[in-house]
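For the sequence shown, the working numbering assigns the number 195 to the initial residue and increments by one for each residue that follows. Notes to accompany the following structure.
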Amino acid sequence: MPGRLQHKSAVITGAGSGIGLESSLLFAQEGANLILVDVNLPNAEKAASLISERFPNVKAIPFKADVSKESEVEAAIALAVKEFGRLDIMFNNAGIMHPEDDNALNTEERIWDLTMDINLKGVWWGCKHAILAMRKNPTDESKGLRVGGSIINTASFVAIMGAATPQLAYTASKGAVLAMTRELAMVHAREGIRLNSLCPGPLKTPLLMDFLNTDEKKQRRLVHLPMGRFGEAVELANAALFLASDESSYITGTDFKVDGGLSSAY
Ligand code: NAD
Numbered sequence: 195m196p197g198r199l200q201h202k203s204a205v206i207t208g209a210g211s212g213i214g215l216e217s218s219l220l221f222a223q224e225g226a227n228l229i230l231v232d233v234n235l236p237n238a239e240k241a242a243s244l245i246s247e248r249f250p251n252v253k254a255i256p257f258k259a260d261v262s263k264e265s266e267v268e269a270a271i272a273l274a275v276k277e278f279g280r281l282d283i284m285f286n287n288a289g290i291m292h293p294e295d296d297n298a299l300n301t302e303e304r305i306w307d308l309t310m311d312i313n314l315k316g317v318w319w320g321c322k323h324a325i326l327a328m329r330k331n332p333t334d335e336s337k338g339l340r341v342g343g344s345i346i347n348t349a350s351f352v353a354i355m356g357a358a359t360p361q362l363a364y365t366a367s368k369g370a371v372l373a374m375t376r377e378l379a380m381v382h383a384r385e386g387i388r389l390n391s392l393c394p395g396p397l398k399t400p401l402l403m404d405f406l407n408t409d410e411k412k413q414r415r416l417v418h419l420p421m422g423r424f425g426e427a428v429e430l431a432n433a434a435l436f437l438a439s440d441e442s443s444y445i446t447g448t449d450f451k452v453d454g455g456l457s458s459a460y
């Protein structure tokens, strides 16, 4: 049976850990060729080795880039087009949550700027250069559709709900990702380019576990989770796979929540 991403090529940012790593493995399993972008090159290389061991039929190339730098994101997308002939999927997933106090009264401008540069500007660069590449993809006349591509931007449940934790710059950056993604989805819908935000709930990945670094902090967060547990990165990878594949061909502009029910909780 052909994979759900057979003959597609994808760029995944933050591919060396958490959601990005699980998505890289899953996309490879489903037949996609990949550029694995991470600012941490050794982790991207480890991801590429895992893929070549498990899925030798696909190509996965590790690529060091800081998503806040336009030229580096552009180079990653150019590499996908050079190696695979086209770009079908852009997963703008890399993000940071600054471990220092990040609230309106105490946060420093440098933390605000760093968070915005990576979490928001990085997604903008990824969208901009992916759209330019996807515009060149040939139309699928058999389906009567313009098959441009799928762009997935990782936001967060905090973009929808207020979290009583000091992460203001993070929350603001993720809210802006939702707004930007919706607008780009409208502007590019008729080019066959779909854009959706993925809104994870709290997950058992280094990003959150480093932030909730005591049992007490973890327990305080767990109380609010309807399922009584943190999510797993692979549960987000499954959703990203759906949004990346043609199975979601009529879905664009959504805030796709994978949060264990958190955003419906009272
Ligand atoms: P993670 O820390 O496990 O992985 C993030 C990856 O991004 C790392 O490999 C890191 O090296 C890379 N990265 C960081 N800055 C980068 C940069 N400037 N350029 C390129 N790569 C960079 O985190 P995760 O939990 O898998 O988070 C992935 C995304 O999901 C993030 O955007 C995060 O904000 C979002 N998210 C996470 C949670 C959660 O609970 N973990 C909840 C909601 C949203």
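We put the beta carbon where it would ideally sit given N, CA and C, even for glycine. This one's a predicted model, so the numbers in the text were calculated from it and none came from an experiment.
Inter-residue distance for D295 and Q361 is about 7 Å (C-alpha atoms, whole angstroms). Annotation for A241: A209, G210, L215, S218, L230 place their beta carbon closer than 6 Å to its own, counting only its chain and skipping 5 residues before and after. In the three-state reduction of the DSSP assignment, F450 falls in the strand class, which pools E and B.
Going by C-alpha positions, H418 is about 43 Å away from R280. Not a single heavy atom of the ligand NAD lies less than 6 Å from the C-beta of T448.
By the C-beta density criterion, T408 is exposed, having fewer than 16 other C-beta atoms within 10 angstroms.
When DSSP reads this structure, D232 sits in a beta bridge with K258. Excluding five sequence positions before and after E224, the CB atoms of its chain that fall closer than 6 Å to its own CB belong to G197, R198, L199, given in chain order. A358 carries a coil assignment under DSSP once its states are collapsed to helix, strand and coil.
For M284, the enclosing beta strand (DSSP E) covers residues 283 to 286. The beta carbon of D440 sits no closer than 6 Å to any heavy atom of the ligand NAD. Non-local C-beta neighbours of R414 in its own chain, meaning closer than 7 Å and more than five positions away in sequence, are absent. Take the alpha-carbon of W319 and the one of V261: they are about 7 Å apart. Here the distance from the Cβ of G289 to the nearest heavy atom of the ligand NAD is below 6 Å. Counting the other CB atoms within 10 Å of its CB gives N286 a total of 16 or more, which places it among the buried residues. Residues N286, V317, V371, T375, S391 of the same chain have their beta carbon placed closer than 6 Å to that of N347, with the five preceding and five following residues left out of the count. With respect to L397, G425 sits close: the two C-beta atoms are nearer than 7 Å. Burial state of R384 is exposed, judged by a 10 Å Cβ sphere holding fewer than 16 other Cβ atoms.
Listed in chain order, the non-local C-beta contacts of F249 below 7 Å within the same chain comprise A222, Q223, local neighbours out to five positions each way being set aside.
Around the beta carbon of M380, fewer than 16 other beta carbons lie within 10 angstroms, which makes this residue exposed.
Every beta strand (DSSP E) stretch that sits fully inside the stretch 357 to 395 and reaches 3 residues is listed by chain position as 387 to 394.
In this structure, L430 lies near P394, with their beta-carbon atoms less than 7 Å apart.
In this structure, R388 is the residue among L456, R388, C321 with its C-alpha nearest to the C-alpha of S439.
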